[in-house]
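Chemist:
Residue numbers (this note's numbering): 166 to 423.
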């Protein structure tokens, strides 16, 4: 029988004392004792339940606090990871900017070098153009000089041909160049068949030149006696040769002007 069925409330010392006084039957006293013991056990069970409830509540609170702290730690970890990612991004951007700055400096150095080289190339090109212009002018000047020299050469040839009675013979036999006089006098070539030097100046293969009938450039044999005609002819030839040499020297020493 439960304490509620017998009309017994929560254990109270004064109520139990009154019950012991009012009831004197041994059986009732036994039942009351059992009821009192049961009430005490119920009280102890209630206290234990309350303590367990407090412990459970404390455990729940601890668990809730742990969960809250775990959530806070997770949030903090997430923020730390986010901040670390931002820091890494900032560091990566800074490194990239430094690399870009270094490459910009290198590129600027290369641009400056290319500009210097392009300036040098432009200067060299200008010098080359100037050299080409100077060379073209020099070539034109040399052409004019060659033309003037050819004109002077032709003028000298004309003057020599007009001043000196020189005749040219081609293909003379060697026997005709020999002395034909029996007394040792030098034989002369006839100038009637000779060609004037002005007409044969373009032909370098000249075999014989005569000057007053004397063959020029031919080695002569020594002879003891000379006639008056030979002496006069030799003097004339030497005079003409000296005058020709002086004339050629004057022509060669004269500057050629354009």
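Glycine residues also receive a C-beta, built at the ideal position from the N, C-alpha and C atoms. These figures come from a predicted structure and were not determined experimentally.
What do you get for residue 237, buried or exposed, if any count of 16 or more other CB atoms within 10 angstroms of its CB means buried?
Modeler: The residue in question, residue 237, is exposed, as its Cβ has fewer than 16 Cβ neighbours within 10 Å.
Chemist: Rounded to whole angstroms, what's the CA-CA distance from residue 398 to residue 299? Just pull it up for me.
Modeler: Between residue 398 and residue 299, the C-alpha separation is close to 54 Å.
Chemist: Just checking, does the stretch 312 to 323 make contact with the stretch 394 to 408 on the three C-beta pairs under 8 Å criterion?
Modeler: No, because fewer than three Cβ pairs between the stretch 312 to 323 and the stretch 394 to 408 fall closer than 8 Å, the two stretches do not touch.
Chemist: Considering only residues of the stretch 183 to 237, which uninterrupted alpha helix (DSSP H) runs meet the minimum length of 4 residues and lie entirely inside it, listed in chain order?
Modeler: Fully enclosed alpha helix (DSSP H) runs of 4 or longer: not present.
Chemist: How many angstroms separate the CA atom of residue 217 from the CA atom of residue 230?
Modeler: Near 19 Å, if we compare the C-alpha coordinates of residue 230 and residue 217.
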